[in-house]
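Colleague: When you read off a place in the sequence shown, starting at 1, and then add 570, the result is the number in my numbering. Ideal Cβ positions, reconstructed from N, Cα and C, are used throughout, including at glycine. If you're wondering where the values come from, they're calculated on a predicted model, not measured in any experiment.
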Amino acid sequence: MNDPSNITLRLAQDEDLNHVARLDRLAFAPLRANADVIRDWYPQGLELPDRTQFLAVEATTNQAVGAYVQIDLELLLQQKRFPTLGLAGVAVAPERRGQRVARRMIEHALETGRSHQYPLAMLYPFQHGFYRKLGWAWVGRSHQYRVSTTHLPRYSEPQSFATAGLTGIFPYDATQQQALQTVYQTAAVQHNGWIQRREWLWDSLLKPKTGREIYTYVEAGALLGYVVLQFTQLPDRLAVVVREWVALTSTAYRSILGFLASLRDQVSTIVWNTFAEDPFPHLLSEQRRDPSLSAAPFEFGLTHAFGEIGGGFMWRLVDVQRAFEQRPVQAIDPF
């Protein structure tokens, strides 16, 4: 086994783009070409806002054997922003896997986090067990329901059908961006662990993409909810993955569900990604998984199915003193 101490980490430069693209392709999209990865994932090169790309290089050969990204994030906890170090794109060359290269990159990220006094770090893991051994804990409990559109509730209130030109479900357009972001922020401060989104994150979510559609719920001219859909072609049918939804009122929520139910003539399956407290499963006419997806050779979204629970992101304490200093404490009467 090669010695991981022989691996050095350095900032990736523009001339490293091909190396980074190759590592990403082999780790995440081995059936694609390097040029496709560069075009789709790095249209602006390696220098992106709030993101720092690192390359793991073998000292004796000067070969790039791994890469990962540090992302400057903020999480919302008890309505307070918490600085957080995000890790993404941990990729290791196939010939160097199982040789502690990934561990070396994770340790480098934690060293950086401590030096910058980040209280927390977060990531979406490829395997929870791997990161658990390095001190990470699963906190991103999410639920994913794969149901037939025929089992969705067909709410009949007019808000589901864009009546009167001022109330209902409408296709998203760029003039609604600020209102949509306000809806997200209003919901985010009411939950623990939602990300305080920067502009580059919004650009990634809202940019046109093949199969992606965004619809908003507007009531009396005010945007009160939205849903981000990704159409996916199954072998013999069409499915829709709900990548994100936000509803500030029960009417907005019901209207989104009613809208999805109205797609049943075209779409066979809805994949609903949501939080654990969502009443969604109790509103279905049948609480069962769509059997057409039982043999689907891919996962939807960033979760890995575990019964009805999706194992999402993980957190790790980095700077414990800073975490305690910033921890939100509720003021209560003395016991």
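So the candidates are 719, 787 and 700; which of them puts its Cα closest to the Cα of residue 741?
Modeller: Out of 719, 787 and 700, 787 has the C-alpha closest to the C-alpha of residue 741.
Colleague: Distance, Cα to Cα, residue 661 vs residue 594?
Modeller: Computed Cα separation, rounded: 6 Å.
Colleague: Are the CB atoms of residue 840 and residue 690 nearer to each other than 8 Å?
Modeller: Contact flag unset, no.
Colleague: Residue 888 lies in the beta strand (DSSP E); which residues open and close that run?
Modeller: Where residue 888 is concerned, there is no enclosing beta strand (DSSP E), given that its DSSP letter is neither H nor E.
Colleague: Exposed or buried, what is residue 829 when buried is set at 16 or more other beta-carbons lying within 10 Å of its beta-carbon?
Modeller: Under this definition residue 829 is a buried residue.
Colleague: Quick one: using the 10 Å Cβ neighbour count with 16 as the cut-off for buried, is residue 582 buried or exposed?
Modeller: Looking at its Cβ environment, which holds 16 or more other Cβ atoms inside 10 Å, residue 582 is buried.
Colleague: Which whole-angstrom value describes the C-beta separation of residue 713 and residue 860, a residue pair presumed to lie in contact below a C-beta threshold of 8 Å?
Modeller: Their Cβ separation, rounded to whole angstroms, is 15 Å, which puts residue 713 and residue 860 out of contact at 8 Å.
Colleague: Starting from residue 588, trace the alpha helix (DSSP H) both ways and give me its first and last residue.
Modeller: It spans 587-598 - the alpha helix (DSSP H) in which residue 588 sits, taken as one unbroken run.
Colleague: So what's residue 616 in DSSP terms, helix, strand or just coil?
Modeller: Reduced to three states, the DSSP call for residue 616 is coil.
Colleague: I'd like the ranges of any beta strand (DSSP E) spanning at least 3 consecutive residues and lying wholly in the region 674-713.
Modeller: Taking only runs of at least 3 residues, the beta strand (DSSP E) segments lying wholly in the region 674-713 are 690-693.
Colleague: If we count the other Cβ atoms within 10 Å of its Cβ and call it buried at 16 or more, is residue 886 buried or exposed?
Modeller: Burial call: buried.
Colleague: Name the DSSP beta bridge partners of residue 628, please?
Modeller: Residue 628 pairs with 577 and 633.
Colleague: In chain order, which continuous runs of the alpha helix (DSSP H) of length 4 or greater are located wholly inside the region 735-768?
Modeller: DSSP runs (the alpha helix (DSSP H)) wholly in the region 735-768: 747-758.
Colleague: Give every residue of the same chain whose Cβ lies closer than 7 Å to the Cβ of residue 652, excluding the five residues on either side of it in the sequence, and list them in chain order.
Modeller: Within the same chain, residue 652 has close Cβ partners 644, 645, 689, 690 and 896.
Colleague: DSSP three-state call for residue 801: helix, strand or coil?
Modeller: The answer is strand: DSSP assigns residue 801 an E or B state.
Colleague: Return the CA-CA distance between residue 687 and residue 617, expressed in angstroms with no decimal places.
Modeller: The alpha-carbon atoms of residue 687 and residue 617 are separated by roughly 23 Å.
Colleague: Kindly indicate which three-state DSSP category residue 796 falls into: helix, strand or coil?
Modeller: Residue 796: strand per DSSP, three-state reduction.
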